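First comes the structure, then the notes that go with it.
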Amino acid sequence: MRRYIEQTTNPDGTVTETPVDGIILTEREYQEQRDQLEALIVTADTFLQQAQSALNSLMDTYKEQRPIDRTYLKAFGLEDDPQPETIL
């Protein structure tokens, strides 16, 4: 862990050193952290796009299969789920 000291020169020429609280990054460290965060955001966005695409594909398959399922149930005298369909 780094400890940073702020040095202030007083009018009489003496130097006062004060510990600095908090996280202080150099410009390079800041840029590295920013680059890593941007990479994580891109990765998360890509993951969400792929998940949405997979969900859309699944819903399309469900919509195509649903009439076939109803016909099958009707052919065997079975009841379809009486609840209305809910598509998220």
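Mapping of the sequence shown onto the numbering used here: residues 1244 to 1331, in sequence order.
Here a beta-carbon is modelled for each residue, glycine too, at the ideal position from N, C-alpha and C.
All values derive from a computational prediction rather than experimental measurement.
The beta strand (DSSP E) that contains Ile1248, what's its start and end? Position 5 of the sequence shown, counting from 1, holds the residue named residue 1248. Note, Ile1248: beta strand (DSSP E), 1247-1252.
What are the boundary residues of the beta strand (DSSP E) that Glu1260 is part of? Taking the first residue of the sequence shown as 1, we reach residue 1260 at position 17. Taken as a continuous stretch (DSSP letters only), the beta strand (DSSP E) holding Glu1260 covers 1258-1263.
Rounded to the nearest angstrom, what separates Glu1249 and Gln1279 at their Cα positions? As a first step, residue 1249 is located in the sequence shown; it is residue number 6 there, counting from the start. As a first step, residue 1279 is located in the sequence shown; it is residue number 36 there, counting from the start. About 28 Å.
Thinking C-beta only, is Thr1251 closer than 8 Å to Thr1261? Looking up residue 1261 in the sequence shown gives position 18. Looking up residue 1251 in the sequence shown gives position 8. Closer than 8 Å, so yes.
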